[in-house]
Structures are given as C-alpha cells and as structure tokens.
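**Student:** Input: one structure, supplied below.
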Amino acid sequence: MQKFLSDLGSCTAIIGAQWGDEGKGKVTDILGEHFDVIARACGGANAGHTIVVGGKKHVFHLLPAGCLHEGKPVVLGSGMVIHLATLLEEIETLKRAGVNLLDRLFISGSAHILFEFHKNIDVVMEERRGAKGIGTTKRGIGPAYMDKAARSGVRMEQLTSDLAAVLTEKAKAVKSMYGIDVDMEAELGALKTAAALLKHTIVPSLPDFLRGFIEKKKTMLIEGAQAVLLDLDHGSYPYVTSSFTTATGALQGLGLPPKILSSCIGVAKAYCTRVGSGDFLTEDTGEAGERLRERGGEYGSTTGRPRRTGWLHLPDLKYGAFINGFTAINLTKLDVLDTEKEIPVGIGVEAGGKVIYEKLAGWQTSTKSITEFSKLPKAAQDYVLFIEKQIRVPIRLIGTGQGREEIIIRN
Ligand code: GDP
Ligand code: IMO
Ligand code: MG
801 MQKFLSDLGS CTAIIGAQWG DEGKGKVTDI LGEHFDVIAR ACGGANAGHT IVVGGKKHVF
861 HLLPAGCLHE GKPVVLGSGM VIHLATLLEE IETLKRAGVN LLDRLFISGS AHILFEFHKN
921 IDVVMEERRG AKGIGTTKRG IGPAYMDKAA RSGVRMEQLT SDLAAVLTEK AKAVKSMYGI
981 DVDMEAELGA LKTAAALLKH TIVPSLPDFL RGFIEKKKTM LIEGAQAVLL DLDHGSYPYV
1041 TSSFTTATGA LQGLGLPPKI LSSCIGVAKA YCTRVGSGDF LTEDTGEAGE RLRERGGEYG
1101 STTGRPRRTG WLHLPDLKYG AFINGFTAIN LTKLDVLDTE KEIPVGIGVE AGGKVIYEKL
1161 AGWQTSTKSI TEFSKLPKAA QDYVLFIEKQ IRVPIRLIGT GQGREEIIIR N
C-alpha cells in the first residue's frame, strides 16, 4: 500500500473508464483515508456510488464516497448541479450514521442549483424523444445544464437571495415550453430550508479556496462521477450525460490547473455494463449476460434499473486511458467472473462493425475476498495480465468483493 500511495502523489483523480457504475465510490472510500481533502467536481444526483463498510451499505449521489472519513474537508465543485433536497437527505443520513459533515463541507458558489422542475422537464423531454429516448436517470441533469449553458441558471451563491421573481419568470417559460406547472411554494420552501442549513458552507471562489489547501501542501482526492463514454464531448453522443466526465472535466469543475494532477486511476469492471440507451458492442443479452447481472448485482443504485451487461471492450479502455492519462487501473468485480468457463474480451472491431473477441480461460473457483495477487488462481492472474498488456497501463488495484477490505493492491 505505501508504495502505491507514494506513487499516487498529492492529487489523484478517480475516473470511470466505461459507462459508469464501475466502482469509483469504493476506491474513493478506500483511498480517502490517505488524502487530506476529498472532492466531487461535476455531475449531480445521477451518480450513485455504493460502498460497503463493516457490512453496512452507504449510497451517495452528491457527496463523494470518501466523506465517511471524519474530519476531512469535503468539496462540491463548480461543475456540479445540486438538487438541494437530495443533498440535505444525504447529510441527514450520514448524521444518523454518526458522521458529521456540515462543519467540513464546502460547496462552490458557482455550482448550479437543480430544481424540482428540472426533473419534471427531464421526464417530459424523455417522453418526447419516444423510441429514441436516452434513458436518463430522470434526475434533471440535462435541463439543469441547459439552463447553465444558456446562462439562465441559478447558482449556489444565490441561495440566500430572494429568488421569487426569478423563479416566477422561469415558471412561465417552463409552462409554455413543456406544459409543466412549477410548484413555486415547494421550490421556494426547499431553497429556504437549504439556505438555513447550508449558507455557511458556500465558498465564493472555489479556485482561491483550493489554492489555500495546495499552498499548505494538502493532498487532494477527486472522485469522478459517470465515466468517459458518457462524456458530453468524448462519449457516445447523444447517449451521454450533460457534463464533462474526464479527468480534464474534473479539473475544470474544480478550477484546478492541469499540472496539479499527479495521478489518475481509471476504474473499469472486469466485464462491462451500461444503463440507458446507446451502442454497447460487447453486450451479452443471453444467459451469460444474465449471470453477470445477477452475480454482480447489476441494478442501478440511483434508479434500480437492470443494467445491460457484457464483456470488456479493450479499444474503449485504451481510448479512456489516452483521454484521461490513466497512471493506474482499478479492475473491479473480478469475483463476479468466478463461475465463467470462458471469458470473451473484445479486442477490436472488424470493418463491418463486428467485434473481434479473444476468449480467455475462466478459473471457476472463488476469488472472493482475496487480497494478494499471488493468491489468485493462475487463470485469473492471466486474465488481469492480458488486459494490462493490451491497454499498457498497470492494473494496480483489483476488486474482489463489495467490502472495503476486498481489494488487491499491487505495489
Ligand atoms: P460507481 O458509480 O462507479 O461508484 O459504482 P456503483 O456503486 O454504482 O456500482 C458498483 C457496485 O459494485 C456497488 O454496488 C459496489 O458495492 C460493487 N462493487 C465495487 N467493487 C466490487 C468488487 O470488486 N466486487 C463486487 N462483487 N462488487 C463490487
Ligand atoms: P455513476 O457516477 C451509470 C447515464 C444514464 C443515461 C445517461 C444520461 O454512478 O457512475 P442523465 O441522467 O445523466 O441525463 O443520463 O447517462 N448515467 C449513468 N450511468 N452511472 C452513472 O453515474 C450515470 N450517470 C448518468 O443512465 O444513459
Ligand atoms: Mg453508480
């Protein structure tokens, strides 16, 4: 662990290498203990990061999973869209679990507020797309970023202002465009409740605030949300989210200079999943895919939707490694493959669009809870080494179960 940590350096980003739900939360929780500041940069409550600590499950949507470590400053970046009631609920849930956050939470004043009507618009827009629906999480993400890009959004720095007039204007536009009646009383009430609890957490200039930490030589861990293939610019458009999900996007979302990043961990499942619509070349809609879903518990932590399942596609991992500059990979959920006789891995695509598979031998024995690479069955070691060789990034973390301790760290 020590060698691994010293290789990470002072600022590490954790980035999803596939279509999300790779297990970013688990690795943030594990590494969080060793960093001074923990941050989320972009996205909103479309994220669902589940961790299991001491047998107890915690699900985060807006807060970084690393926030369980008492006393550490937790930052929500300018690139985020924040649904206030969801945030308050997360803070309250933590409080009930004995974790206090309010005195160490710092929210960028430039982050946008995601209103209830953004969620309603998301639903209407999906309906209007019909068969071409994106399969959004219906958390209002697209509409909130639409307001941001149109420069008509409301930011966290306005939380304590009187927003009645602004929202009345907004309500008129929402009604005429989408036929939605905005519940003004509920929206204003939510703002008031949130203002009372959160006003002291709002940071006017996040870059200046973070510079203070950097000048004091504090280390920082950034928990990415979503994943490379869902990136608005570099993902499978239009079947993407509305934020920037890469390492560069995370730095932009926090207002940090690119040179600050000392390492970037790409998180990839040992197979592949996707929720929502869009291409999934290595999807397996047969029995094996069903097995992956059941063994891997592949049901969305935000929406409960069954995730589509399939196999690794190495060209995608190479793509993500390039865009993000992965310095290490965390291959997660290796244990889910324990019962497979043979494991197909997509290594390329023929001119006609057909995936070329390499079939690797399965190990058909349990890898659950193993914490040393040498204790893995030979075929499982070979599987990891094959992927590593192909993508040319060291696989330094390997997940062997949901629990915090169920991980192999390779020095
Ligand atoms: P995230 O969005 O990237 O943080 O990932 P999610 O939390 O949405 O989905 C990952 C799921 O896999 C969670 O339920 C984790 O508890 C679970 N998980 C993470 N790593 C492992 C692992 O190595 N093995 C198994 N079996 N489950 C894991
Ligand atoms: P984490 O952080 C998996 C997907 C949705 C949909 C598309 C657009 O848990 O990995 P949106 O609601 O963002 O407008 O939906 O993006 N999506 C995710 N899929 N994990 C996520 O987050 C996701 N966030 C968004 O399913 O296909
Ligand atoms: Mg998730």
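Start counting the sequence shown at 801; every next residue gets the next number (the numbering used here). Where is the CB? At the ideal position from N, CA and C, for every residue including glycine. Model, not experiment: these values are computed from the prediction.
1. Do A1068 and the ligand MG come close, with the Cβ less than 8 Å from some heavy atom?
2. Let me know if V875 comes out buried or exposed under the rule of 16 or more other beta-carbons within 10 Å of its beta-carbon.
3. Measuring only from the beta carbon, is V874 closer than 8 Å to any heavy atom that is part of the ligand GDP?
4. Which residues share a DSSP beta bridge with F860?
5. Cβ-heavy atom distance between A865 and the ligand IMO below 8 Å?
6. Tell me the DSSP bridge mates of S908?
7. Rounding to the nearest angstrom, what Cα-Cα distance links S1166 and D1138 in this structure?
8. Confirm the yes/no value for this check: CB of I1209, any heavy atom of the ligand GDP, distance under 8 Å.
9. Hey, A944 and G844: beta-carbon distance below 9 Å or not?
10. Is there at least one non-hydrogen atom of the ligand IMO closer than 8 Å to the beta-carbon of D962?
11. Looking only at its own chain, which residues have a Cβ that is under 7 Å from the Cβ of S1077, when we skip the five neighbours before and after it?
12. Return helix, strand or coil for V837, following the three-state DSSP convention.
13. Let me check you understand the geometry: is the CB of S1166 closer than 8 Å to at least one non-hydrogen atom of the ligand PLP?
14. Check whether the Cβ of D1135 sits closer than 8 Å to any heavy atom of the ligand GDP, and report yes or no.
15. Cβ of K1175 versus every heavy atom of the ligand GDP: is any distance shorter than 8 Å?
16. Confirm the yes/no value for this check: CB of V924, any heavy atom of the ligand GDP, distance under 8 Å.
17. Going by the C-beta, is Y1039 closer than 8 Å to any heavy atom of the ligand IMO?
18. I need the boundaries of the beta strand (DSSP E) containing L1131, first residue and last residue.
19. According to the Cβ coordinates, are F1009 and F906 closer than 9 Å?
20. With a cut-off of 8 Å, do at least 3 Cβ pairs link the segment 994-1004 to the segment 1026-1033?
21. Mind checking which residues open and close the alpha helix (DSSP H) that includes I1187?
22. Considering Cα atoms alone, identify which of T968, G1066, I1195, N900 is closest to G825.
23. Quick test of your reading: A1070 and K1133, contact by CB under 8 Å. State the CB separation rounded to the nearest angstrom.
24. For I1143 and V1149, which I take to be in contact (beta-carbon distance under 8 Å), what is that distance rounded to the nearest angstrom?
25. Using a threshold of 9 Å, state whether the C-beta atoms of Q1026 and G820 are closer than that.
26. Can you round the beta-carbon distance between D981 and K975 to whole angstroms, since I take them to be within the 8 Å contact cut?
27. Should P1105 be labelled buried (16 or more other beta-carbon atoms within 10 Å of its own) or exposed?
28. Taking all protein chains shown into account, decide if H1000 is buried (16 or more other Cβ within 10 angstroms of its Cβ) or exposed.
**Tutor:** The answer reads as follows:
1. The residue given as residue 1068 occupies position 268 in the sequence shown. For A1068, the shortest C-beta to heavy atom distance toward the ligand MG is 8 Å or greater.
2. Counted from its first residue, the sequence shown places residue 875 at position 75. Under this definition V875 is a buried residue.
3. The residue you call residue 874 lines up with position 74 of the sequence shown. Every heavy atom of the ligand GDP is 8 Å or more from the Cβ of V874, so no.
4. Numbered from its first residue, the sequence shown carries residue 860 at position 60. In DSSP, F860 forms a bridge with H849.
5. In the sequence shown, residue 865 corresponds to position 65, counting from 1. Checking the Cβ of A865 against the ligand IMO gives no.
6. Position 108 of the sequence shown, counted from the start, is the residue given in the question as residue 908. For S908, which the question treats as bridged, DSSP gives the partners V1003.
7. Locating residue 1166 in the sequence shown gives position 366, counting from the first residue. Locating residue 1138 in the sequence shown gives position 338, counting from the first residue. A straight line joining the alpha-carbon of S1166 with that of D1138 spans about 6 Å.
8. For the purposes of this step, residue 1209 is identified with residue 409 of the sequence shown, where counting begins at 1. For I1209, the distance from the CB to the nearest heavy atom of the ligand GDP is not below 8 Å.
9. For the purposes of this step, residue 944 is taken as the residue at position 144 of the sequence shown. For the purposes of this step, residue 844 is taken as the residue at position 44 of the sequence shown. The criterion of a C-beta distance shorter than 9 Å is satisfied by A944 and G844.
10. Start at 1 with the first residue of the sequence shown, and residue 962 comes out as number 162. Not one heavy atom of the ligand IMO falls within 8 Å of the beta-carbon of D962.
11. Translated into positions along the sequence shown, residue 1077 becomes position 277. Answer for S1077: G933, I934, G935, Y1039, listed in chain order.
12. For the purposes of this step, residue 837 is taken as residue 37 along the sequence shown, with counting starting at 1. DSSP places V837 in strand when its eight states are reduced to three.
13. The ligand PLP is not part of the structure shown, which contains the ligand GDP, the ligand IMO and the ligand MG as its ligands.
14. The residue labelled residue 1135 in the question sits at position 335 within the sequence shown. At least one heavy atom of the ligand GDP lies less than 8 Å from the C-beta of D1135.
15. Indexing the sequence shown from 1 puts residue 1175 at position 375. No.
16. Locating residue 924 in the sequence shown gives position 124, counting from the first residue. No, since every heavy atom of the ligand GDP falls outside the 8 Å radius drawn around the Cβ of V924.
17. Working through the sequence shown from its first residue, we reach residue 1039 at position 239. Taking 8 Å as the cut-off, the C-beta of Y1039 counts as close to a heavy atom of the ligand IMO.
18. To locate residue 1131, count along the sequence shown from 1; it is residue 331. It spans 1128-1132 - the beta strand (DSSP E) in which L1131 sits, taken as one unbroken run.
19. Along the sequence shown, read from residue 1 onward, the residue named residue 1009 stands at position 209. Along the sequence shown, read from residue 1 onward, the residue named residue 906 stands at position 106. It is a contact, given that the beta carbons lie within the stated cut-off.
20. The segment 1026-1033 and the segment 994-1004 do not touch, with fewer than three beta-carbon pairs separated by less than 8 Å.
21. Taking the first residue of the sequence shown as 1, we reach residue 1187 at position 387. Annotation: the continuous alpha helix (DSSP H) that includes I1187 extends over 1178-1191.
22. Translated into the one-based positions of the sequence shown, residue 825 becomes position 25. If we check each option's Cα against that of G825, G1066 comes out closest.
23. The residue given as residue 1070 occupies position 270 in the sequence shown. The residue given as residue 1133 occupies position 333 in the sequence shown. Right, the Cβ-Cβ distance comes to about 5 Å (below 8 Å), so this counts as a contact.
24. Sequence index remark: in the sequence shown, residue 1143 carries index 343 (1-based). Sequence index remark: in the sequence shown, residue 1149 carries index 349 (1-based). The beta carbons of I1143 and V1149 sit about 19 Å from each other, so the pair does not count as a contact at 8 Å.
25. In the sequence shown, residue 1026 corresponds to position 226, counting from 1. In the sequence shown, residue 820 corresponds to position 20, counting from 1. Against a cut-off of 9 Å, the Cβ pair of G820 and Q1026 comes out as a contact.
26. In the sequence shown, the residue the question calls residue 981 occupies position 181. In the sequence shown, the residue the question calls residue 975 occupies position 175. Indeed they touch by this definition, with Cβ atoms about 6 Å apart.
27. The residue given as residue 1105 occupies position 305 in the sequence shown. The sequence given here has Arg at residue 1105, not Pro. With fewer than 16 other beta carbons inside 10 angstroms of its own, R1105 counts as exposed.
28. Here the question's residue 1000 lines up with position 200 in the sequence shown. Per the 10 Å Cβ criterion, exposed.
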